[in-house]
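Q:
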Ligand SMILES: *[C@@H]1O[C@H](CO)[C@@H](O)[C@H](O)[C@H]1NC(C)=O
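Numbering (the UniProt record's numbering), first residue to last: 1 to 452.
1) Can you tell me which of the three DSSP states residue 365 falls into?
2) Where DSSP assigns a beta bridge to residue 66, which residues make up the other side?
3) Is the distance from the Cβ of residue 267 to the Cβ of residue 416 below 8 Å?
4) Could you pull out every unbroken alpha helix (DSSP H) segment of at least 4 residues lying fully inside the segment 333-382, listed in chain order?
5) Between residue 281 and residue 253, is the Cβ-Cβ spacing less than 8 Å?
6) Between residue 269 and residue 399, is the Cβ-Cβ spacing less than 8 Å?
7) Locate the beta strand (DSSP E) running through residue 159, then write down its first and last residues.
8) Run through DSSP, which three-state label would residue 271 get?
9) Just checking residue 269 against ligand 1 - is the residue's beta carbon closer than 7 Å to any of the ligand's heavy atoms?
10) Please report the Cβ distance between residue 155 and residue 93, rounded to the nearest whole angstrom; I am assuming they are in contact, meaning their Cβ atoms lie under 8 Å.
11) Buried or exposed for residue 322, going by 16 or more other Cβ atoms inside 10 Å?
12) Can you say whether residue 165 is buried or exposed, counting buried as having 16 or more other CB atoms within 10 angstroms of its CB?
13) When the Cα atoms are used, what is the spatial distance from residue 83 to residue 135?
14) For ligand 3, any of its heavy atoms closer than 7 Å to the Cβ of residue 235?
15) Please confirm whether any heavy atom of ligand 1 lies closer than 7 Å to the CB of residue 280.
16) Residue 20: buried (16+ other C-beta within 10 angstroms of its C-beta) or exposed?
17) For residue 121, count neighbouring C-beta atoms within 10 Å of its own C-beta (all shown protein chains included) and say buried if the count is 16 or more, exposed if not.
18) Express the C-alpha separation of residue 379 and residue 277 in angstroms, rounding to a whole number.
19) Quick check on the burial criterion: 16 or more other C-beta atoms within 10 angstroms. Buried or exposed for residue 220?
20) Is the Cβ-Cβ distance between residue 303 and residue 419 less than 8 Å?
21) Can you tell me whether DSSP reads residue 71 as helix, strand or coil?
22) Could you check whether the Cβ of residue 263 sits closer than 7 Å to any heavy atom belonging to ligand 1?
23) How far does the alpha helix (DSSP H) with residue 237 in it extend, from its first residue to its last?
24) Who are the near neighbours of residue 35 in its chain, counting only those whose CB is closer than 8 Å to its CB and skipping five residues on each side?
25) Excluding the 5 residues preceding and the 5 following residue 239 in the sequence, name in chain order all residues of the same chain whose CB lies nearer than 8 Å to its CB.
26) Give every residue of the same chain whose Cβ lies closer than 7 Å to the Cβ of residue 75, excluding the five residues on either side of it in the sequence, and list them in chain order.
27) Taking only runs of the beta strand (DSSP E) that begin and end inside the segment 197-263, which ones reach a length of at least 3 residues, in chain order?
28) Does the beta-carbon distance from residue 421 to residue 306 come in below 8 Å?
29) Tell me, to the nearest whole angstrom, how far the beta carbon of residue 158 is from that of residue 232; I am working on the premise that it is less than 8 Å.
30) Looking only at C-alpha atoms, which of 397, 345, 343 sits nearest to residue 369?
31) Whose CA, out of 147, 123, 326, lies closest to the CA of residue 258?
32) CA-CA distance, residue 194 and residue 451?
33) DSSP three-state label for residue 286, please.
34) Please confirm whether residue 347 and residue 309 have their CB atoms less than 8 Å apart.
35) Applying the criterion that 16 or more other CB atoms from any shown protein chain within 10 Å of the CB defines a buried residue, is residue 446 buried or exposed?
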């Protein structure tokens with residue numbers, strides 16, 4: 001009897017292995033979804049209100065509501081849009097945390113920083129980085145901790161995600177042709193540019209900050225996570241073995257390695273999974289994830305960030321006809337996406353509309369469909385382009401994530417048994433279902449690969 005049971009278990013296991021994926025499922029993978037509420041106040045089809053979030057929430061384990069910031073000099077944690085977030089205004093803080101009634105397993109975190117806490121006044125650009133100033137000031141750190149705790153607690157958040165606005169790596173300026181591009185990269189390797197003279201101190205102070213926030217949160221069992229923003233060098237600012245003790249998880253912003261803003265003269269794949277020949281070997285998901293793992297971050301705490309958008313450059317007459325990246329002689333002048341209205345960024349539905357479809361089958365000029373170049377190697381991500389024929393001014397190059405490449409990244413998470421995926425952000429996924437009729441297709445594709 002016993003032998004029979006063991007035998008049938010063996011058969012079942014063998015069968016399951018045959019039909020199932022080659023990778024064991026392991027512990028449950030997490031899905032972290034960011035919602036940047038600046039999309040709530042947009043006009044037109046880019047506007048994402050709370051009701052529009054609902055089809056996504058069944059797939060998300062964590063919702064990070066962004067973004068809060070810090071007040072210069074007072075070091076207080078504050079809402080960056082009080083009319084939207086707080087009770088005297090639209091009260092969105094309470095609206096999002098109340099979503100937990102309908103989705104009892106959902107955890108809602110307050111997001112802080114996130115490259116969104118930008119002071120726009122004329123004199124602001126000459127002021128020192130207020131995130132570093134806060135770290136350097138023990139009284140400021142205490143003030144921050146009290147005020148961020150009060151925000152989280154008052155509005156019923158389950159915790160805090162800290163996307164600290166550390167200084168970013170400086171992109172290499174390229175002035176002529178691909179040849180000098182390679183030379184430029186060699187310079188990056190030799191580390192001739194200092195991002196922050198006091199990075200060692202700031203690293204220690206940030207560790208102390210996270211420790212103190214966690215201590216403040218512990219009696220209420222509040223969660224604490226961190227998001228490493230794109231192009232922030234983990235080795236400069238994150239004491240990985242120390243901080244992982246205070247963090248429930250880490251979200252790696254492993255994308256935007258190339259953007260039109262940072263690299264206005266060269267278009268390249270913005271978020272490859274693995275390294276590409278002759279590029280900086282650090283500019284890919286695999287390098288970033290392995291760096292954290294090598295430094296003793298538990299795999300189960302590491303979430304891979306996946307963007308829901310593409311990066312777009314304008315091709316010129318001199319950019320050539322092939323579109324093969326890296327493409328030189330481009331410009332950061334592509335028209336803004338019709339719905340998102342952000343320079344250099346197209347949401348997934350905006351990219352989808354430019355790919356060949358029935359609406360643009362006979363399009364000419366600015367309405368000519370882009371040529372899609374997929375990623376059979378499953379290493380690099382997609383791109384699509386339209387050359388600048390006869391200097392028409394309609395040349396475009398976009399490197400982007402789609403449901404398939406996003407699912408590849410979820411597959412990577414399973415392969416290395418990482419914690420999950422962090423999606424940047426819901427408002428750039430196709431939340432209206434305009435591409436194929438499915439709402440949130442990138443989110444769905446990731447979730448499907450994580451659990452199956
Ligand atoms: C990050 O900093 C380390 C030094 O701590 C350096 O070796 C590495 O090249 C830097 N990475 C980038 C992309 O600048």
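For glycine and all other residues, C-beta sits at the position ideal for the given N, C-alpha and C.
Note that the coordinates shown come from a computational prediction; the quantities given were computed from them, not determined experimentally.
A: By the coordinates alone:
1) Residue state, collapsed to three classes: helix.
2) BP columns for residue 66 point to 36.
3) Cβ atoms of residue 267 and residue 416: not closer than 8 Å.
4) Listed in chain order, the complete alpha helix (DSSP H) runs (minimum 4 residues) inside the segment 333-382 are 348-354.
5) Taking 8 Å as the Cβ cut-off, residue 281 and residue 253 do not qualify as a contacting pair.
6) In contact: residue 269 and residue 399 (Cβ atoms closer than 8 Å).
7) Element bounds for residue 159: 159-163.
8) In the three-state DSSP reduction, residue 271 falls in the coil class, being neither helix nor strand.
9) False, no ligand heavy atom lies under 7 Å from that Cβ.
10) Contact flag correct, Cβ pair sits at about 4 Å.
11) Exposed is the call here.
12) Flag for residue 165 reads buried.
13) Between residue 83 and residue 135, the C-alpha separation is close to 28 Å.
14) The model depicted lacks ligand 3 and carries ligand 1 instead.
15) Yes, the beta carbon of residue 280 sits closer than 7 Å to at least one heavy atom of ligand 1.
16) For residue 20, the predicted model reports a pLDDT of 43, less than 50, meaning its position is unreliable; a value from the coordinates is still stated below. With fewer than 16 other beta carbons inside 10 angstroms of its own, residue 20 counts as exposed.
17) Looking at its Cβ environment, which holds fewer than 16 other Cβ atoms inside 10 Å, residue 121 is exposed.
18) Approximately 11 Å between the Cα atoms of the pair.
19) By the neighbour-count definition (other C-beta atoms within 10 Å, threshold 16), residue 220 is an exposed residue.
20) Against a cut-off of 8 Å, the Cβ pair of residue 419 and residue 303 comes out as a contact.
21) Residue 71 falls in the coil class under three-state DSSP.
22) No, since every heavy atom of ligand 1 falls outside the 7 Å radius drawn around the Cβ of residue 263.
23) Its alpha helix (DSSP H) spans residues 234-237.
24) Only residues of its own chain outside the window of five on either side were considered, and among them 48, 53, 63, 64, 65, 66, 96, 425, 426, 427 have a CB closer than 8 Å to the CB of residue 35, listed in chain order.
25) Answer for residue 239: 203, 204, 206, 207, listed in chain order.
26) Excluding positions up to five away in sequence, the list reads 134, 137, 140, 143, 144.
27) DSSP runs (the beta strand (DSSP E)) wholly in the segment 197-263: 223-228, 249-252.
28) In contact: residue 421 and residue 306 (Cβ atoms closer than 8 Å).
29) That belief does not hold up - the Cβ atoms of residue 158 and residue 232 are roughly 25 Å apart, past 8 Å.
30) Of the listed residues, the one whose Cα sits closest to residue 369 is 397.
31) The residue with the shortest Cα to Cα distance from residue 258 is 326.
32) Roughly 42 Å between the two C-alpha positions.
33) Helix at residue 286.
34) Their beta carbons are under 8 Å apart, which means residue 347 touches residue 309 by this criterion.
35) Residue 446 is buried by the Cβ-count criterion.
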